[in-house]
Amino acid sequence: MRESFDGAGNSGYIIQPAATVASMAPSFSTVQDVDLRVQPVDEVLDRVARSLQTRFHEGTVVRKRRSVGAHTDRDTWVRIERRSLDKITDQGWNGTERAARLKGVAMPTWRQCVVWQDEDGPVMWRADETSLLPGAPVGSAVLSDAPDLPEEWWSGLNASLDALTGHQTGRVATPDTEAITQDLVTTSIRDVFSDGFDTTVRRWTPAHADLNWANMTAPVFSLFDWEDWGSAPQGLDSASLWAASLAVPALADRVRQERRHDFESRDGKLMTLFVCSKILGLHAHPQDPRREPARRMADQVVEGLQAG
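Sequential numbering from 2 applies to the sequence shown in the numbering used here.
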């Protein structure tokens, strides 16, 4: 379950094709279908390099489904994202820039950005330049093997998440690029789980909204990719990280232990069901190894909520 990194290389970029990704290449019939792991991006990289007056080091380009990143010649990192206009809310599309004001949260320092609208369709591109990460990402978004994390890493995670929830923001979190609202929480839970309990969220706090193992570094803790952060139900980040850990039971248990004050809260229980709905719902992968542990935990949570 690791992200596939690939690309093509000239103008200072080395991107190596990945047959497993290319074999699953989607048709580009709609804006949402474009996958930057297989879509040509040389012109985009050239444009960003010119605009930011920098060059990208060869062999450092990392390609994901909707973003591309690279190491610059001034020892910074540039992350480029493509997003359709209908996925850009009224609050704008400057999450990484706005996150720069968050105190007490370990993250790269934001430097500058460039934004433009695509000439060929209702799409915008955004490139944010930040300081380099203090280490490599822990792994892929969803882990299948336990990472070797020092105790200081867990302390850093807790300190940053606790500091984040102490802030205030008018932004709305957009996990999976969709604004999280009370209606979304209720609909997501009701589509998968039985009735008989209230789904009303009581406490909304700032959240990263894309907390997974690919967006944190180790052995020094740092949290990056802030484009979707904003107000969300208490426990969204903790539940998201737990869900990304379910294929490694000991790791999932450690996440619940470290963030137990979130999971023990009523809103944290609702967020557990919210993330489980994505693993167990209609469009979930039938061979996802997280399905059984998610089902077991969801049953316990539902039973507890129904009991009041």
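We put the CB at the ideal spot given by N, CA and C, even for glycine.
Would you check if the distance between the CB atom of residue i and the CB atom of residue j is smaller than 8 angstroms?
{"i": "Trp214", "j": "Ala233", "result": "no"}
{"i": "Ala142", "j": "Ala240", "result": "no"}
{"i": "Ala174", "j": "Gly231", "result": "yes"}
{"i": "Arg83", "j": "Gly70", "result": "no"}
{"i": "Leu274", "j": "Val302", "result": "yes"}
{"i": "Pro290", "j": "Ala219", "result": "no"}
{"i": "Leu306", "j": "Lys270", "result": "yes"}
{"i": "Trp155", "j": "Glu259", "result": "yes"}
{"i": "Ser349", "j": "Pro123", "result": "Outside the shown range of the chain (2 to 309) lies residue 349, about which nothing can therefore be said."}
{"i": "Leu252", "j": "Leu158", "result": "no"}
{"i": "Gln92", "j": "Arg191", "result": "no"}
{"i": "Ala107", "j": "Ser161", "result": "yes"}
{"i": "Arg112", "j": "Thr77", "result": "yes"}
Mapping DSSP to helix, strand and coil, what is residue i?
{"i": "Ser189", "result": "helix"}
{"i": "Pro294", "result": "helix"}
{"i": "Asp238", "result": "helix"}
{"i": "His262", "result": "helix"}
{"i": "Val106", "result": "coil"}
{"i": "Arg1", "result": "It is not possible to answer for residue 1, since the shown part of the chain is limited to 2 through 309."}
{"i": "Asp289", "result": "coil"}
{"i": "Gln40", "result": "coil"}
{"i": "Leu306", "result": "helix"}
{"i": "Trp230", "result": "coil"}
{"i": "Ala219", "result": "strand"}
{"i": "Ala142", "result": "coil"}
{"i": "Ala137", "result": "strand"}
{"i": "Gln92", "result": "coil"}
{"i": "Leu224", "result": "strand"}
{"i": "Met25", "result": "Because the pLDDT at Met25 is just 30, under 50, the model does not fix this residue reliably, and the point stays unresolved."}
Within a Cβ cutoff of 7 angstroms, which residues of the same chain sit near residue i, ignoring the five residues on either side of it in sequence?
{"i": "Ala23", "result": "Unreliable placement is indicated for Ala23, whose pLDDT of 29 sits below 50; the coordinate value is still reported in the next sentence. Cβ within range, chain order: Val39."}
{"i": "Lys88", "result": "Thr178"}
{"i": "Ala308", "result": "none"}
{"i": "Val202", "result": "Gln183, Val186, Pro234, Asp268, Leu271"}
{"i": "Pro135", "result": "Thr218, Val221, Ser223"}
{"i": "Arg66", "result": "Asp36, Leu37, Arg38"}
Please list, in chain order, all residues of the same chain as residue i whose beta carbon is under 8 angstroms from its beta carbon, the five residues on each side excluded.
{"i": "Thr110", "result": "Ala101, Thr131, Ser132"}
{"i": "Asp74", "result": "Thr55, Arg56, Phe57, His58"}
{"i": "Leu281", "result": "Val193, Arg292, Ala295, Arg296, Ala299"}
{"i": "Val116", "result": "Trp94, Met125, Trp126, Arg127, Ala128"}
{"i": "Glu304", "result": "none"}
{"i": "Thr90", "result": "Val173, Thr175, Ala180"}
{"i": "Val139", "result": "Pro148, Leu150, Trp214, Ala215, Met217, Thr218, Ala219"}
{"i": "Thr166", "result": "Thr206, Pro207, Ala208, Gln235"}
Just curious, the alpha helix (DSSP H) that residue i is in, first and last residue?
{"i": "Gln258", "result": "250-259"}
{"i": "Ile280", "result": "267-281"}
{"i": "Gly70", "result": "Per DSSP, Gly70 belongs to no alpha helix (DSSP H); it is in the beta strand (DSSP E), 68-72."}
{"i": "Ser52", "result": "43-53"}
{"i": "Glu98", "result": "96-99"}
Over what stretch of residues does the beta strand (DSSP E) that includes residue i continue unbroken?
{"i": "Asp119", "result": "Here Asp119 belongs to no beta strand (DSSP E), and DSSP marks it neither H nor E."}
{"i": "Ala128", "result": "124-132"}
Which residues in the same chain as residue i place their Cβ atom closer than 6 angstroms to its Cβ, once the five residues preceding and following it in sequence are excluded?
{"i": "Leu212", "result": "Asp238, Ser241, Leu242"}
{"i": "Ala208", "result": "Ala174, Ala233, Leu237, Asp238"}
{"i": "Gly197", "result": "Gln307"}
{"i": "Thr61", "result": "Ala71, His72"}
{"i": "Ala248", "result": "Ser145, Pro290, Arg291"}
Could you tell me which uninterrupted alpha helix (DSSP H) segments, each at least 4 residues in length, are contained entirely in the region 144-214, listed from first to last along the chain? The region 144-214 is shown to contain whole alpha helix (DSSP H) runs of 4 or more residues at 152-166, 183-191, in chain order.
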